[in-house]
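>
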Amino acid sequence: MPESTVNLPPFSAVDVDLLVAILACAVIGLGYGFVRRAQVLRADPGTPSMREVAAAIQEGAVAYLRRQLRTMSVFVAAITIALWLLYTPIYAGHPELAIGIALAFLLGCACSYGAGYVGMSLTVQGNLRAARAASQGFRQAADLAFRAGTVSGMFTVGLGLLGATLLFIVFREHAPRVLIGFGFGGSLVAAFMRVGGGIYTKSADIGADMVGKVEAGIPEDDPRNAGVIADNVGDNVGDCAGMAADVFESFEVTLVAAIILGAAALLDPGFTAAYGPQAAPFALRLILFPLLVQGVGMLASILGTWAVRARERDVEAPIAPIVRGFWTAVGAAVAGVAAITAAFLRDPRTGHVDWRFFLAAVAGLALALVIAWLTDLYTSEGRAPVVEMAETTRTGPANFLLTGLGFGLEGSVWALVAVAAAILAAFLIFQGQAALVAYGIALAGLGLMTVTGFILASDTFGPIVDNANGIHEMSHFETEPDARVTRILGRLDAVGNTTKALTKGFAIATAVIAAIALFRSFVAEAHLGAGIRVNDPDVFIGLLVGGAVPFLVSAFLIRAVGRTAFQIVEEVRRQFREIPGLMERKARPRYDRCVDIVTAAAQRELLGPAVVAIAAPILVGFALGAVALGAYLAGAILTAMLMAVFMANTGAAWDNAKKRIEDGALGGKGSDAHKVSVIGDTVGDPLKDTAGPALNPIIKVMNLVAILIAPVVVLPLSVWVRGTVVVAALLGIALAVAVNRRATTTPAAGIGQPERVTPGAP
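In structure tokens, the structure reads:
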């Protein structure tokens, strides 16, 4: 029986009051974000030269997001109409629900894009002020950068909670039926912004580094390098806007999964038999509980960000203030979830508090701590893996790369074990009650994302201090930058690499848990109560195809970065060669040329992965059936998680090994070890900031597409209808592959014989 047939009792006055309280939490979070924004904007914006550099970064970032909005709008409009047409016959007796799903999809798109845009808009203001604050000391720079990151965290969670609560207020007991559209909208926009932003940021970064650091022997963010403005723009559109949209959709899809599974409990005979006439009212409480948890999480995140206070001595352990704030947020979240469990979730049969739901949420928080520990272990500058990787640079790039790959592969296994342990905990807590086990898994994901506001503040802190370092260097075109300020910003930048890797770990783990939780919803919609037998040939084919799709998407993205980086390398080389006096600081480069190259390329290259993510589940579902589509999802979830963790951790570790050398180890900047580490860093960049993070929204897009088409896939459609859909999906995938496989360059461009830059000369 599909979830569209679930009938919930009408909302009582108390239920409405709870929704108003949750709405108030969202408004408080948004208000706190505005307060932090005002604090950042009141800070000293720096010297005229710093403001000039920041203005160029801001102009490029805003132009890119506007162009991306135009690209996405075509897909958004088409899918909105398609959802309305798809669900009109399904909800023939309630046409307002078909309209509601389409409108919820639009709302999810708007909130996801808004989260990314707001986060980026203040980041380009915060990085300038953090660069200036570093001249006053470590404490001032660290505090200001984190305040700027807090704005992104508050708006991301606030918009997600606001959107979901408004849908509940409007649709009341019918809200679980329309929320799937809200989740799909957030996931689709996140896929566009994460993929496009990732291609942009890493193409510019690699292109600028390979010519500037390796060939010309000049520092990172040296203003003579034509690619540095595009590189810093990329930090904003990829690591800020893209990651904010990514975390937003992780937050909302996890929330949607928990709500849908709360409603789906009524479909389980065991649940209805256990709770009898109280089953429906109790299911309604299970639906509202996730909203309450995230409302408490918003307040806990505010408390955690407020507790981040750097001290001047923290310069030797710059992550310490963030760790203190994180533990504050987690402690407040545990206390808050315990309080609402005690007040709201009592077993209707006995009247006693049902602590199982609290334990499931805490299992998710425990998973967050384990993910944080694993990420720190495998990526932090002072940890054994990164230290060992840095040491291997003395023997050349091959050993450095191999060591990093080994640690990255190992780390992905332990991350998967941690997620499996959280799922097992939900199973043990609810003692095999099928409906509540699935709900408990969703609660674990919800617990993992309870302090999302703080996690995203920590993540956005990373690109802010990275950009601050770049602005500091680029604003000294004719003189050398202040070494003390450079060291402060460099220390903060190394911490930013770890916090960004940590957020990627959270997003990946949440994507997997949300996908597993949503799998039960797919099973209900597709009438797969008999299970999925992988020994059937068509089902096994679905499993194989699902496992292969993350590899195909990753291949698209890595090649896209390489192809675009090639163009940046050629452009930077050309400017060093053709602009007289550039290396002697007597002339300025044409930054706008590199910005134009990566802006156009990112929009062109992001379409292939998006088409595959939408078309592949449609192809499998209509060609092989619902059971094969279920196997497809299982294969995709498994390989996507392993690949995403591997790529995120490996790239971050290579980057921090480079940072360790730049801080003075093994000869410091300019040494042979440093040049080897730059090669590893550039290899890792598209892994950790493009392909790896892109798999998070891709997983959820595929899951949500499967749920949306499930009611149609199970219908007795004619061979002609199925054939037409299958052919259309095949053509879409074939076109995506053909476009991505086009040649990067032509022989005339000088492949294999590039005209390299001579260090110290144009």
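For the sequence shown, my numbering assigns the number 12 to the initial residue and increments by one for each residue that follows. Every residue gets a Cβ at the ideal spot worked out from N, C-alpha and C, and that includes glycine.
Looking at C-alpha atoms only, which residue of Gly422, Ser423 and Leu97 is the closest neighbour of glycine 774?
The question about residue 774 has no answer here: the residues shown for the chain are numbered 12 through 773.
> Would you identify the three-state DSSP class for valine 319, choosing helix, strand or coil?
Within the sequence shown, numbered from 1, the residue matching residue 319 stands at position 308. Valine 319 falls in the coil class under three-state DSSP.
> So, with DSSP's three-state summary, where would you put valine 364?
Position 353 of the sequence shown, counting from 1, holds the residue named residue 364. Note: valine 364 maps to strand in three-state DSSP.
> Using the beta-carbon count (16 or more within 10 Å), is lysine 597 buried or exposed?
Here residue 597 is taken as the residue at index 586 of the sequence shown, counted from 1. Answer is exposed; the Cβ neighbour count stays below 16.
> Could you pull out every unbroken alpha helix (DSSP H) segment of at least 4 residues lying fully inside the segment 676–734, listed in chain order?
The segment 676–734 contains these whole alpha helix (DSSP H) runs: 683–697 and 703–724.
> In the DSSP output, what is arginine 357 paired with across the bridge?
Here residue 357 refers to the residue found at position 346 of the sequence shown. Val364.
> Name the residue from Ile92, Gln442, Met131 and Gly137 whose alpha carbon lies nearest to the alpha carbon of leucine 117.
As a working mapping, residue 117 is identified with position 106 in the sequence shown. Nearest of Ile92, Gln442, Met131 and Gly137 to leucine 117, Cα basis: Ile92.
> Return helix, strand or coil for isoleucine 39, following the three-state DSSP convention.
By 1-based counting over the sequence shown, the position of residue 39 is 28. The answer is helix: DSSP assigns isoleucine 39 an H, G or I state.
> On a Cα-Cα basis, can you pick out the residue from Ala437, Leu178, Val381 and Phe203 that is closest to valine 85?
Here residue 85 refers to the residue found at position 74 when the sequence shown is read from its first residue. The shortest C-alpha separation from valine 85 is found at Phe203.
> Distance, Cα to Cα, aspartate 55 vs glutamine 69?
Taking the first residue of the sequence shown as position 1, residue 55 is located at position 44. Taking the first residue of the sequence shown as position 1, residue 69 is located at position 58. One C-alpha to the other measures close to 17 Å.
> Using only the alpha-carbon positions, how far apart do glutamate 260 and aspartate 28 sit?
On the sequence shown, position 249 is the one that residue 260 refers to. On the sequence shown, position 17 is the one that residue 28 refers to. Glutamate 260 and aspartate 28: Cα-Cα distance of roughly 26 Å.
> Distance check for tyrosine 450 and arginine 502, CA to CA, integer angstroms please.
If you number the sequence shown from 1, residue 502 lands on position 491. If you number the sequence shown from 1, residue 450 lands on position 439. About 42 Å.
> Taking 6 Å as the limit between beta carbons, can you name the residues of its chain near valine 206, skipping five residues before and five after?
Reading the sequence shown from its first residue, position 195 is the one you call residue 206. Counting only Cβ-Cβ distances below 6 Å, and skipping sequence neighbours, we find Leu617, Pro620 and Ala705.
> Could you tell me whether the Cβ of glycine 249 comes closer than 8 Å to any Cβ of chain B?
No chain B is present in this structure, which holds just one protein chain.
> Which same chain residues, not among the five before or five after glycine 169, have their C-beta less than 6 Å away from its C-beta?
As a position in the sequence shown, residue 169 is number 158, starting the count at 1. Counting only Cβ-Cβ distances below 6 Å, and skipping sequence neighbours, we find Ala37, Gly40 and Leu41.
> If we call anything under 8 Å between Cβ atoms a contact, is glycine 336 one with glycine 308?
Along the sequence shown, one-based indexing puts residue 336 at 325. Along the sequence shown, one-based indexing puts residue 308 at 297. Contact: no.
> Starting from the C-beta of valine 64, find all residues in its chain whose C-beta is less than 7 Å away, skip the five residues before and the five after it, and write them out in chain order.
Here residue 64 is taken as the residue at index 53 of the sequence shown, counted from 1. Closer than 7 Å at the Cβ level, and outside the excluded window around valine 64, lie Ile482, Met485 and Ser486.
> Okay, do the segment 385–404 and the segment 625–643 touch, 3+ Cβ pairs below 8 Å being the bar?
Contact between the segment 385–404 and the segment 625–643 is absent, because fewer than three Cβ pairs lie under 8 Å.
> Excluding the 5 residues flanking cysteine 605 on each side, which residues of the same chain have their C-beta closer than 8 Å to its C-beta?
If you number the sequence shown from 1, residue 605 lands on position 594. Counting only Cβ-Cβ distances below 8 Å, and skipping sequence neighbours, we find Ala215, Gly218, Ala219, Ala237, Gly238, Ile240, Ala241, Ile579, Glu582 and Val583.
> What are the boundary residues of the alpha helix (DSSP H) that includes leucine 94?
The residue labelled residue 94 in the question sits at position 83 within the sequence shown. Looking at the DSSP string, the run of the alpha helix (DSSP H) that includes leucine 94 is 59–98.
> Less than 8 Å separating the beta-carbons of leucine 385 and glycine 419?
The count along the sequence shown starts at 1 and reaches residue 385 at position 374. The count along the sequence shown starts at 1 and reaches residue 419 at position 408. Against a cut-off of 8 Å, the Cβ pair of glycine 419 and leucine 385 comes out as no contact.
> Does DSSP put glutamine 444 in a helix, a strand or coil?
To locate residue 444, count along the sequence shown from 1; it is residue 433. Residue state, collapsed to three classes: coil.
> Given 8 Å as the limit, is there contact between the segment 339–357 and the segment 456–463, that is, 3 or more CB pairs closer than that?
The answer is yes - the segment 456–463 touches the segment 339–357, with three or more Cβ pairs under 8 Å.
> Between the alpha carbons of alanine 153 and threonine 610, how many angstroms are there, rounded?
Position 142 of the sequence shown, counting from 1, holds the residue named residue 153. Position 599 of the sequence shown, counting from 1, holds the residue named residue 610. So the alpha carbons of these two residues sit roughly 31 Å apart.
> Note down, in chain order, each residue of its chain lying with its Cβ closer than 6 Å to the Cβ of glycine 743, except the 5 sequence neighbours on either side.
Against the sequence shown, residue 743 aligns to sequence position 732. Here the set comprises Val622 and Ala626.
> Please identify the residue among Ala612, Trp665 and Thr497 whose C-alpha is closest to the C-alpha of alanine 576.
Position 565 of the sequence shown, counted from the start, is the residue given in the question as residue 576. Comparing Cα-Cα distances from alanine 576 to each of Ala612, Trp665 and Thr497, the minimum goes to Ala612.
> Between the C-alpha atoms of leucine 653 and valine 545, what's the straight-line distance to the nearest angstrom?
The residue you call residue 653 lines up with position 642 of the sequence shown. The residue you call residue 545 lines up with position 534 of the sequence shown. If I take the Cα positions, the gap works out to 21 Å.
> Under DSSP, the alpha helix (DSSP H) around leucine 277 begins and ends at which residues?
Walking along the sequence shown from the start, residue 277 turns up at place 266. First-last for leucine 277: undefined, no H or E at that position.
> Around the Cβ of tryptophan 731, are there at least 16 other Cβ atoms within 10 angstroms (buried) or fewer (exposed)?
Within the sequence shown, numbered from 1, the residue matching residue 731 stands at position 720. Classification for tryptophan 731: exposed.
> Between Arg599, Tyr389, Gln289 and Asp674, which lies nearest to alanine 426 when the distance is taken from Cα to Cα?
Start at 1 with the first residue of the sequence shown, and residue 426 comes out as number 415. Looking at the Cα atoms, Tyr389 is the closest of the given residues.
> Thinking just about the alpha-carbon of each residue, which of Phe157, Lys680 and Asn660 is nearest to the one in glycine 473?
Here residue 473 refers to the residue found at position 462 of the sequence shown. Nearest option by C-alpha distance: Phe157.
> Could you check what DSSP says for lysine 511 in three-state terms: helix, strand or coil?
In the sequence shown, the residue the question calls residue 511 occupies position 500. Lysine 511: helix per DSSP, three-state reduction.
> To which residues of the same chain is glycine 771 closer than 6 Å at the C-beta, ignoring the five residues directly before and after it?
Here the question's residue 771 lines up with position 760 in the sequence shown. Reliability of the predicted coordinates at glycine 771 is poor, the pLDDT of 43 falling under 50, and the value obtained from them is presented with this limitation in mind. Excluding positions up to five away in sequence, the list is empty.
> Would you identify the three-state DSSP class for isoleucine 482, choosing helix, strand or coil?
If you number the sequence shown from 1, residue 482 lands on position 471. DSSP places isoleucine 482 in helix when its eight states are reduced to three.
> Could you round the C-beta distance between valine 430 and leucine 500 to whole angstroms and report it? I think they count as a contact, below 8 Å.
Against the sequence shown, residue 430 aligns to sequence position 419. Against the sequence shown, residue 500 aligns to sequence position 489. Actually they do not touch by this definition, with Cβ atoms about 35 Å apart.
> To the nearest angstrom, how far is it from the Cα of valine 25 to the Cα of threonine 352?
Locating residue 25 in the sequence shown gives position 14, counting from the first residue. Locating residue 352 in the sequence shown gives position 341, counting from the first residue. Each residue's alpha carbon lies about 16 Å from the other.
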